[in-house]
Each structure stands twice: as structure tokens, then as C-alpha cells.
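Here's the structure, in C-alpha cells; my notes come after.
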Amino acid sequence: MAVDNFSSLSKMIDMVGKEKGIEKELVIDAVIQGMLVAARKKYGTYREIEAQYNEDSGEVELYEFKEVVPDEEFIDEEVEIKLSQALELDPEAQINDSIGAKLETDGLGRIAAQMAKQIITQKVRDAERDIIFKEFETRKGDIASGIARRVERRSIVVDLGRIEAYIPPREQIPGEQFKPGDRIQGYLSEVRQTNRGPQIIMSRAHEDYLKKLFEVEVPEVYEGIVEIVSAAREPGSRAKIAVTTKDSAVDPVGACVGMKGSRVQNIVQELGGEKIDIVTWDEDPAKFVCNALAPSEITKVILDESRHEMEIVVPDHQLSLAIGKRGQNVRLAAKLTGWKLDIMSESQSASRTAEAIFNLMLLPGMTETMAQNIYQMGYANVHELSDADVDAVMNIPGYEDEEKAQALIDEAYDLIEQYKAEGKEFPQAPTKEKARPQMGDAKSAAEEKLQQELAQLGESQKNEEAQAEAAATVVQEEENQPS
5 MAVDNFSSLS KMIDMVGKEK GIEKELVIDA VIQGMLVAAR KKYGTYREIE
55 AQYNEDSGEV ELYEFKEVVP DEEFIDEEVE IKLSQALELD PEAQINDSIG
105 AKLETDGLGR IAAQMAKQII TQKVRDAERD IIFKEFETRK GDIASGIARR
155 VERRSIVVDL GRIEAYIPPR EQIPGEQFKP GDRIQGYLSE VRQTNRGPQI
205 IMSRAHEDYL KKLFEVEVPE VYEGIVEIVS AAREPGSRAK IAVTTKDSAV
255 DPVGACVGMK GSRVQNIVQE LGGEKIDIVT WDEDPAKFVC NALAPSEITK
305 VILDESRHEM EIVVPDHQLS LAIGKRGQNV RLAAKLTGWK LDIMSESQSA
355 SRTAEAIFNL MLLPGMTETM AQNIYQMGYA NVHELSDADV DAVMNIPGYE
405 DEEKAQALID EAYDLIEQYK AEGKEFPQAP TKEKARPQMG DAKSAAEEKL
455 QQELAQLGES QKNEEAQAEA AATVVQEEEN QPS
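Residues in the sequence shown are numbered from 5 upward in steps of one, following the working numbering.
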């Protein structure tokens with residue numbers, strides 16, 4: 005933008021506005037600021053100078069404002085003006101008024117004009133940055149595509165045309181490699197305004213990038229017929245999405261998969277082979293979790309709403325399938341559903357249930373059925389029950405009454421305190437190893453008791469036989485006596 009003087013500012017303002025795509029008012033403001041800097045350079049910063057743009061002449065006009073004083077009190081011509089002179093400029097001028105006198109701009113000189121040009125250039129640059137920032141701020145959350153240019157501090161620099169974006173290491177898919185010149189696509193996750201201009205952060209690892217790809221590939225998702233409720237990813241390895249629809253005629257999972265898997269395969273290819281599980285969302289948390297853990301078979305779900313946890317029981321042979329390689333399946337399912345999941349086999353569950361029932365039945369008057377009900381509501385021992393909320397305990401069958409619920413909590417607390425006062429450890433359920441000797445001892449005791457009973461029975465029989473033999477002898481002797 006070559007500017008030698010300020011005589012043709014109007015053309016320059018129009019030209020800059022068109023070339024840079026900047027509003028004319030912003031360019032005019034930049035020109036005014038530049039002219040003020042040039043004027044203060046020549047006349048001094050202490051002088052009160054103002055500038056305005058004259059649309060008719062296409063020039064910037066400078067005015068110096070001075071205080072009107074009586075002629076006899078006039079001292080400093082740089083800040084004061086005589087009343088007689090002020091009246092020539094404005095017939096209505098009065099003492100203490102501030103009146104502006106127009107300054108000539110021709111004498112500003114080439115150096116002053118160059119300084120003004122620098123300010124104008126900076127203003128234009130700032131305006132361009134602001135336009136770019138606003139443009140990309142409205143595009144935040146969309147997919148953008150550009151050309152990979154270079155790598156800076158492990159971040160991929162992507163040319164988006166008017167600006168460069170960055171894909172930090174944490175937003176990259178592990179194992180992916182891009183060479184300069186490769187086309188690269190990503191999700192606009194962050195748009196920041198910095199001192200050096202807008203900063204654009206792209207992501208290929210974000211869950212929302214996965215959702216956006218489904219919007220592109222699946223018309224039903226784009227049109228809102230199918231909704232992606234949640235998504236969970238371990239970028240480059242595996243992902244899960246939960247889908248639903250209000251249209252009973254549409255299969256949300258089938259719509260996302262596509263004919264012969266065509267739709268989902270396009271997304272898998274874009275994400276470098278990342279496997280994608282598409283499951284049906286359900287408003288019932290337990291059903292939703294079961295869907296998220298598919299294809300593993302679920303035999304029982306114990307839900308603890310207060311802690312937002314679920315205990316998932318699967319057949320012993322399905323445990324590794326449900327957990328997944330290095331726990332990946334259960335991690336993704338937990339992230340997808342928003343619940344903390346504890347997966348165990350049926351044998352593990354049976355052992356844990358037995359321990360819980362043993363512990364709860366230490367409470368006075370507790371039956372096995374009552375203990376089962378308490379355990380099913382998420383309380384695995386007396387200690388958890390003692391810390392429970394009354395409203396939560398009232399959900400347990402048999403304890404719907406507030407007094408009963410509070411009494412149960414108090415009994416649990418009192419039992420714990422009792423063991424503490426006596427200096428005893430709280431009893432633990434016997435393990436299988438500890439139970440076996442007890443069972444052996446009981447068997448031995450039973451056998452010994454049986455032997456004792458048999459021995460007693462034998463002695464009794466012997467006594468009866470002896471008594472019968474003695475009685476027979478007496479009878480025989482009586483018969484042999486002479487009459």
C-alpha cells in the first residue's frame with residue numbers, strides 16, 4: 005500500500021477495503037489514527053489535536069483546540085487563543101470555551117506520512133485477524149480440511165487457506181503419519197484469540213469428530229432422524245457410539261452401518277482402521293449398559309444409583325470377552341454410558357454375595373431374605389449400611405417406613421460400635437479354605453456322635469438280653485422246685 009501523501013486518501017481507503025475485505029469504517033479509523041500520530045510528531049504530544057475524515061473532500065482534517073482567554077490575559081499561544089481571534093473563527097465564542105482551529109496537513113512531511121502508513125498497515129492487519137477469528141469461531145465444532153505443511157514441536161501444521169491450524173500430539177491418532185503436501189481432515193475443537201492473532205486447534209481424536217463423520221456419511225443422522233446420544237473413543241483402536249430414533253420405522257443401528265457396512269467402513273478408513281461398535285441407546289441405564297457391553301452375555305446387573313455404579317455379572321467363560329483386551333471394552337462402555345462398571349464372573353459374584361449376606365446377617369433379627377434385599381440395593385456390608393441415607397434405605401423392600409429405615413441404620417452403627425468397644429475385629433465371611441476344615445470337623449463330630457449312639461444302643465441291647473436271660477433263669481428255677 006504505497007502512500008506518498010494524504011491528498012488521495014479516498015481512493016486509497018476504497019482500494020484497501022476491497023483488497024482486504026475490510027469495512028470502510030475500519031480503514032478510515034486507521035487513517036485517522038495514523039494522521040494523529042504524524043501531527044503529534046510535528047507539533048508535540050502536549051497539544052490538543054483531533055482529526056476527522058471529510059467524506060466530501062476525501063481528506064483527513066486536523067484541528068487544534070485552544071482555550072479562549074481575554075486578550076489582556078493571553079500568555080501561551082500553544083494552548084490559548086485570544087477572545088478577539090476566537091470571535092473571528094466563531095462569532096459565538098466565549099471566555100473559557102475550547103475552540104478548534106484547522107491545521108495544515110501539507111507540512112507533515114514524508115516521514116510523518118510513513119509513520120501513519122505503518123499504523124494503517126497494523127490496523128488493517130488487526131482487522132484481518134479479527135475477521136478470520138470471527139469466521140472460524142462460527143465454524144468451531146465443524147470439520148475442516150487442509151494441507152499438511154510441516155511439524156512443529158510434534159504438532160502438525162495444517163494450511164487452511166487464510167490461516168494455519170495446529171493438530172497437537174494429544175489430538176492426533178496414534179500411529180498416523182502425514183507428509184508435507186498430504187491432505188488432512190480434522191475437527192475444529194478450539195478457536196482462540198491471541199496477541200499473535202487467531203489460533204486454530206484441530207483434532208482427529210475427539211469424540212465429536214466421530215459424530216461429525218457420521219453426520220457426513222449418514223443422511224438420517226444429518227437430518228436428525230437418528231440421534232447419536234454419546235460416543236467413546238480410544239483413537240486408532242476402537243470406538244463405541246450409542247444411537248436412538250423417535251421414528252419406529254427406522255433402525256438406528258442399521259442406518260449407521262449402511263448397506264453391507266458401507267457407511268461405517270468409510271468412517272473406519274478415515275480414522276485409520278479404528279473399529280466402531282454401534283449400539284442402541286436405552287433410557288433404562290441397566291439395559292443401556294448391557295447394550296454397550298455387547299456381544300458379551302449379561303446374567304445380572306446390580307445398580308447403585310447413589311454412587312452411580314453398576315455391578316455386572318457374566319458367565320465365567322464370558323468374563324474376558326466382557327472386559328476386553330486390556331480392559332478396553334469395559335472402559336469404553338463405562339465412558340459411553342457414564343456409569344462406573346464392575347464386571348465379574350458368576351463364581352466371583354456368588355462368592356461376593358455370600359460374603360455380603362454373611363456380613364449383613366450379623367445384624368440382630370436379620371434373615372437371609374432381608375439380607376438379600378439389602379444387598380440387591382447396593383449395600384454389601386454393615387459399614388456401608390451405617391453410612392447410608394434414610395431416603396435411600398427406604399427403597400429397600402421391607403424398610404419403606406422411615407422409622408424402620410432409620411432403625412436399620414442405627415442397628416448397623418451400634419453393632420460396629422459394639423465390636424469397637426469390645427476390642428474385637430469385625431467378623432469376616434469364611435473363605436473356602438477356612439470353610440473346608442470346619443466342614444471336616446463337623447463331619448468327624450457327626451461320625452463320632454453316631455458311633456457313640458450305636459455303642460449306647462449296643463449296650464442297651466446287651467442289658468436287655470441279660471435281663472431277659474436272668475428272668476428266664478428265675479422262671480426255670482421256680483418250675484424245678486417241688487410243689
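Glycine included, every Cβ here is placed at the ideal spot set by N, Cα and C.
{"Query": "I need the straight-line Cα distance from Gly-179 to Gly-265, nearest angstrom please.", "Result": "25 Å"}
{"Query": "Could you check what DSSP says for Val-305 in three-state terms: helix, strand or coil?", "Result": "strand"}
{"Query": "Do the region 379-396 and the region 348-362 make contact, defined as three or more Cβ pairs closer than 8 Å?", "Result": "yes"}
{"Query": "In three-state terms, what does DSSP make of Gly-190?", "Result": "strand"}
{"Query": "Can you list, in chain order, the stretches of the beta strand (DSSP E) that have 3 or more residues and sit fully within the region 215-274?", "Result": "230-238 and 242-249"}
{"Query": "Between the region 307-319 and the region 212-224, do three or more beta carbon pairs fall short of 8 Å?", "Result": "no"}
{"Query": "Compute the distance between the beta-carbons of Ala-148 and Glu-175, then report whether it is under 9 Å.", "Result": "no"}
{"Query": "Would you mind reading off the limits of the alpha helix (DSSP H) that contains Gln-181?", "Result": "Per DSSP, Gln-181 belongs to no alpha helix (DSSP H) and is neither H nor E."}
{"Query": "Would you be able to state if there are at least three C-beta pairs under 8 Å between the region 291-303 and the region 339-350?", "Result": "yes"}
{"Query": "Report the rounded CA-to-CA distance for Glu-23 versus Ile-167, giving the unit in angstroms.", "Result": "17 Å"}
{"Query": "Closer than 7 Å by C-beta to Arg-51: which residues in its own chain qualify, once you throw out the five before and the five after it? Chain order, please.", "Result": "Glu-68 and Glu-82"}
{"Query": "Under the rule that 16 or more other beta-carbon atoms within 10 Å means buried, what is Gly-38, buried or exposed?", "Result": "buried"}
{"Query": "Can you name the start and end residues of the alpha helix (DSSP H) that Asp-33 belongs to?", "Result": "28-47"}
{"Query": "Buried or exposed: Ala-446, going by 16 or more other Cβ atoms within 10 Å of its Cβ?", "Result": "Confidence at Ala-446 is low in this model, with a pLDDT of 41, below 50, so the placement of that residue should be treated as unreliable; the coordinate-derived value is given next. Result: exposed."}
{"Query": "Looking at Leu-93: is its Cβ nearer than 9 Å to the Cβ of Pro-74?", "Result": "no"}
{"Query": "Using three-state DSSP, classify Thr-371 as helix, strand or coil.", "Result": "coil"}
{"Query": "Run the CB neighbour count on Thr-109, radius 10 Å, all protein chains shown included, and call it buried at 16 or more, exposed below.", "Result": "buried"}
{"Query": "Mind checking whether Ala-243 and Arg-237 have CB atoms under 9 Å apart?", "Result": "yes"}
{"Query": "Would Ala-326 and Leu-307 be called neighbours here (beta carbons separated by less than 9 Å)?", "Result": "no"}
{"Query": "Express the C-alpha separation of Ala-411 and Gln-422 in angstroms, rounding to a whole number.", "Result": "16 Å"}
{"Query": "Please name the residue, chosen from Ser-353, Ser-241 and Met-398, that lies closest to Ala-384 on a Cα-to-Cα basis.", "Result": "Ser-353"}
{"Query": "Taking only three categories from DSSP, how would you classify Met-365?", "Result": "coil"}
{"Query": "Look up Arg-196 in the DSSP assignment and give the residues it is bridged to.", "Result": "Gln-203"}
{"Query": "Assuming Lys-70 and Ile-53 are in contact, meaning their beta carbons sit under 8 Å apart, how far apart are those beta carbons, in whole angstroms?", "Result": "Incorrect: roughly 11 Å between the Cβ atoms, too far for contact."}
{"Query": "For Glu-278, does the count of other Cβ atoms within 10 angstroms reach 16, so buried, or fall short, so exposed?", "Result": "buried"}
{"Query": "So for Glu-141, helix, strand or coil by DSSP?", "Result": "helix"}
{"Query": "By Cβ distance, which residues of its chain are closer than 7 Å to Ala-259, with the 5 residues on each side in sequence left out?", "Result": "Val-222, Glu-224 and Val-230"}
{"Query": "Pick out whichever of Tyr-226, Gly-145, Pro-202 and Lys-183 has its Cα sitting closest to the Cα of Ala-169.", "Result": "Pro-202"}
{"Query": "Measure from the alpha carbon of Glu-63 to the alpha carbon of each residue in Asp-101, Asp-18 and Phe-78, then state which is nearest.", "Result": "Asp-18"}
{"Query": "Quick one: complete beta strand (DSSP E) runs, 3+ long, within the region 311-354?", "Result": "313-318 and 344-349"}
{"Query": "State the DSSP-derived secondary structure class of Tyr-383, mapped to helix, strand or coil.", "Result": "coil"}
{"Query": "Looking only at its chain, what residues have a beta carbon closer than 6 Å to the beta carbon of Val-31, apart from the 5 residues adjacent to it on each side?", "Result": "Ile-17, Val-20 and Gly-21"}
{"Query": "My assumption, with CB atoms under 8 Å, is that His-312 sits in contact with Lys-344. Please give the rounded CB distance.", "Result": "6 Å"}
{"Query": "Just verifying my parser: in three-state terms, what is the DSSP assignment at Phe-430?", "Result": "coil"}
{"Query": "Would you mind reading off the limits of the alpha helix (DSSP H) that contains Asp-418?", "Result": "406-425"}
{"Query": "Could you tell me the alpha carbon to alpha carbon distance between Ile-136 and Leu-107, rounded to whole angstroms?", "Result": "38 Å"}
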